[in-house]
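Novice: I'd like to ask you about the structure that follows.
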Amino acid sequence: MKEPVYIGSAPTAQPDLQQLVHEVALGDQEAFAAVYDAVAGSVLGVARAVLRDQAQSEEVAQEVLVEVWRTAPRYRPERGTAINWILTLAHRRAVDRVRSVEAAAARDTKAALLDHQPAYDEVTEQVETRLEREQVRRCMRTLTELQRQSVTLAYYRGLTYREVAEALSLPLGTVKTRLRDGLIRLRDCLGVTA
Amino acid sequence: MTTTDLHALTGAYAVHALDAEERAAFEIHLAVCDACRQEVAEFAATAGRLALASTVRARPAMREEVLRRVTTVRQVPPGAAPPERVRRGAQRRRGLARWALAAGVAAAAAFGGTAVWQYERAQDASHEAAQEQRRVEDLAGVLAAPDAKSRSAKVAGGSGTLVVSASRDRAVFVASGMTAPPRGKVYQLWFADGGKMRSAGLMDPDRGSQAVLMRGAVDGASAIGITVEPAGGSKQPTSSPVALLGLPA
Chain A
422 MKEPVYIGSA PTAQPDLQQL VHEVALGDQE AFAAVYDAVA GSVLGVARAV LRDQAQSEEV
482 AQEVLVEVWR TAPRYRPERG TAINWILTLA HRRAVDRVRS VEAAAARDTK AALLDHQPAY
542 DEVTEQVETR LEREQVRRCM RTLTELQRQS VTLAYYRGLT YREVAEALSL PLGTVKTRLR
602 DGLIRLRDCL GVTA
Chain B
181 MTTTDLHALT GAYAVHALDA EERAAFEIHL AVCDACRQEV AEFAATAGRL ALASTVRARP
241 AMREEVLRRV TTVRQVPPGA APPERVRRGA QRRRGLARWA LAAGVAAAAA FGGTAVWQYE
301 RAQDASHEAA QEQRRVEDLA GVLAAPDAKS RSAKVAGGSG TLVVSASRDR AVFVASGMTA
361 PPRGKVYQLW FADGGKMRSA GLMDPDRGSQ AVLMRGAVDG ASAIGITVEP AGGSKQPTSS
421 PVALLGLPA
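From first to last, the protein sequence lines stand for chains A and B. Sequential numbering from 422 applies to the first sequence in the numbering used here. Sequential numbering from 181 applies to the second sequence in the numbering used here.
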């Protein structure tokens, strides 16, 4: 069970994304359009996974993409690849939105969270990138149930690990380690390097 | 929270599952934990794969909208990317003589040139002035201590140097050319030990260059952080640090 499930070459990000972001940093709007085409679907995808709501996801995705334009001059390649910079920003913004006051008011109760178990398939059913989806799905299966739930609730639902602990009625420390162990297993299974 | 506990937060941090206070504490820890930074980078890349697996098709109208919006949005200037992290190379030891000189300069800078006056009038100084003088002496003492070690970093548009004397168990933060905090806010200094943040006092919001004797003993802290807080300071950090400096080893 431990051998990596590894299909094709890692990150599907276009090889010249780094270069494109560099050109965006110099104010090149055409380069930005190319960056948009490369990442918009993933930015929107991560926002929708976390927020569920179509209109809110689009709003956040647009904010993130404009932010990519605005802050490209400060992107530092030595801190990570351009795609990871953008997707981290997207997830961060989506999580901020889901935790905002308005969203919190309408938020799922603990009971509702447990009813709707972290529907991993639900999250990925709209996926276009078949290989990526297949690979992530297989790797998710290598996780224990607790690891999978912790990763899914935290990443795809935007819960803090305290909220995850509450939702799963587990001690904080358990969730903390399951989350980390789950990510370690995913990292190794997906062949991620950084 | 022990160091081991903090290490285990790499996963929660990478997927944005920490609340603001824990995030600030963990970022302080990250500044001094190479292994944690590596792991966080790997987890962020792993999370990126989860994001790619969620890719959907965006409406063509969204493309038009975004491309239209960027024509009206000004880009940030390069550089000044917060928070600054200190590289190991920036740490260095300096000679006693140099610090003794620096001590005089810093003391004068810290108290607007009144330090000398305070020394001369120490005998009949008010209680307040005497306290001030002790601060000057303590501050100068840390800077001039034979075991003083320093570490520098770019901080908020200027530079900051942390000087620590192990024998005195005190630290001084020397700021130079820092941009002023937003109106109604101050820079607050913190000691970080494990997951706990201890306030180490406030900086003068009106001066970009100053030397501050950090309040309280270093007492095993692993790093210091600087956050922007409401005037008067906070009991715990309420924002991500604008700068993080690991204690010079």
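Idealized CB from N, CA, C, for every residue including glycine. Remember, it's a predicted structure, so these values are computed and weren't measured experimentally.
1) Just to confirm, is the Cβ distance from B/Ala238 to B/Met377 under 8 Å?
2) Using a Cβ-Cβ distance under 8 Å, would A/Leu508 count as near chain B?
3) Compare the C-alpha of B/Gly357 against each of B/Gln368, B/Ser339 and B/Asp199 and name the closest.
4) Verify whether the separation of the beta carbon atoms of A/Thr611 and B/Arg229 is less than 8 Å.
5) At what residues does the alpha helix (DSSP H) containing B/Val212 begin and finish?
6) When the Cα of B/Leu319 is compared with those of B/Met394, B/Ala211 and B/Lys329, which residue comes out closest?
7) Where does A/Thr565 sit, in a helix, a strand or coil, going by DSSP?
8) Assign B/Pro258 to buried or exposed, taking buried as 16 or more other Cβ atoms, counted over all protein chains shown, within 10 Å of its Cβ.
9) When we look at the beta-carbon of B/Thr341 and count the other beta-carbons within 10 Å, is it buried (16 or more) or exposed?
10) Is there a Cβ of chain B sitting closer than 8 Å to that of A/Leu486, yes or no?
11) Excluding five sequence neighbours on each side, which residues of the same chain lie with their C-beta closer than 8 Å to the C-beta of A/Leu508?
12) For B/Ala231 versus A/His512, is the C-beta spacing smaller than 8 Å?
13) Identify the residues that DSSP records as bridge partners of B/Trp370: which are they?
14) State the start and end residues of the unbroken alpha helix (DSSP H) segment that holds A/Ser478.
15) Are B/Ala372 and B/Ala403 close, meaning C-beta to C-beta below 8 Å?
16) Rounded C-beta distance between A/Ala588 and A/Leu600? I'm assuming under 8 Å.
17) For B/Pro410, which of helix, strand or coil comes out of DSSP?
18) Would a C-beta distance cut-off of 8 Å place B/Gly405 and B/Leu424 closer than the cut-off?
19) Secondary structure at B/Ala423, three-state DSSP: helix, strand or coil?
20) Tell me B/Ala328's beta-bridge partners as DSSP assigns them.
21) Using the C-alpha atoms, what's the distance from A/Asp458 back to A/Leu447?
22) Measure from the C-beta of B/Val431 to each C-beta in chain A and report whether the shortest distance is under 8 Å.
23) If we define contact as Cβ-Cβ less than 8 Å, is A/Pro592 a contact residue for chain B?
24) Which of the residues in the region 195-215 of chain B, read from start to end, lie with their CB under 7 Å from any CB of chain A?
25) Label B/Leu323 either buried or exposed according to how many other C-beta atoms from any shown protein chain fall within 10 Å of its C-beta, with 16 as the threshold for buried.
26) With 16 as the cutoff for other CB atoms within 10 Å, does B/Val253 come out buried or exposed?
27) So, does the CB of A/Thr565 fall closer than 8 Å to a CB anywhere in chain E?
28) What residues match up with B/Val335 in a beta bridge as DSSP calls it?
29) Which residues does DSSP pair with B/Arg444 in a beta bridge?
30) So the candidates are B/Val316, B/Glu409, B/Val343 and B/Gln255; which of them puts its Cα closest to the Cα of B/Arg331?
31) I need the straight-line Cα distance from B/Met242 to B/Pro385, nearest angstrom please.
32) Using 8 Å as the limit for Cβ to Cβ distance, is A/Pro494 near chain B?
33) Name, going along the chain, the residues of the region 227-255 of chain B whose beta-carbon falls closer than 9 Å to a beta-carbon of chain A.
34) For B/Thr359, tell me which candidate among B/Val352, B/Val236, B/Asp327 and B/Val408 has the shortest Cα-Cα distance.
35) Please report whether the beta-carbon of A/Thr595 lies at a distance below 8 Å from any beta-carbon of chain B.
36) Would a C-beta distance cut-off of 8 Å place B/Ala211 and B/Gly426 closer than the cut-off?
Specialist: Concretely, from the data shown:
1) no
2) yes
3) Here the closest residue by C-alpha is B/Ser339.
4) Per the sequence shown, residue 611 of chain A should be read as Leu rather than Thr. For A/Leu611 and B/Arg229, yes; Cβs fall inside 8 Å.
5) Ala200 to Val212
6) B/Met394
7) coil
8) With fewer than 16 other Cβ atoms inside 10 Å of its own Cβ, B/Pro258 counts as exposed.
9) buried
10) yes
11) Val460, Ser463, Val464 and Val467
12) yes
13) B/Ser379 and B/Gly405
14) Gln475 to Thr492
15) Less than 8 Å divides the Cβ of B/Ala372 from the Cβ of B/Ala403.
16) Taking 8 Å as the upper bound for CB-CB distance, A/Ala588 and A/Leu600 are not in contact here, some 13 Å apart.
17) strand
18) yes
19) strand
20) B/Ser345
21) 18 Å
22) Absent from the structure is residue 431 of chain B, since the part of chain B shown begins at 181 and ends at 429.
23) no
24) Val195, His196, Ala197, Leu198 and Asp199
25) buried
26) exposed
27) Any reference to chain E falls outside this structure, whose protein chains are A and B.
28) B/Gly338
29) The structure shown does not extend to residue 444 of chain B, since chain B is modelled only from 181 to 429, so the question has no answer here.
30) B/Val343
31) 43 Å
32) yes
33) The residues in question are Ala227, Gly228, Arg229, Leu230, Ala231, Leu232, Ala233, Ser234, Thr235, Val236, Arg237, Ala238, Arg239, Met242, Arg243, Glu245, Val246, Leu247, Arg249, Val250, Thr251, Val253, Arg254 and Gln255.
34) B/Val408
35) no
36) yes
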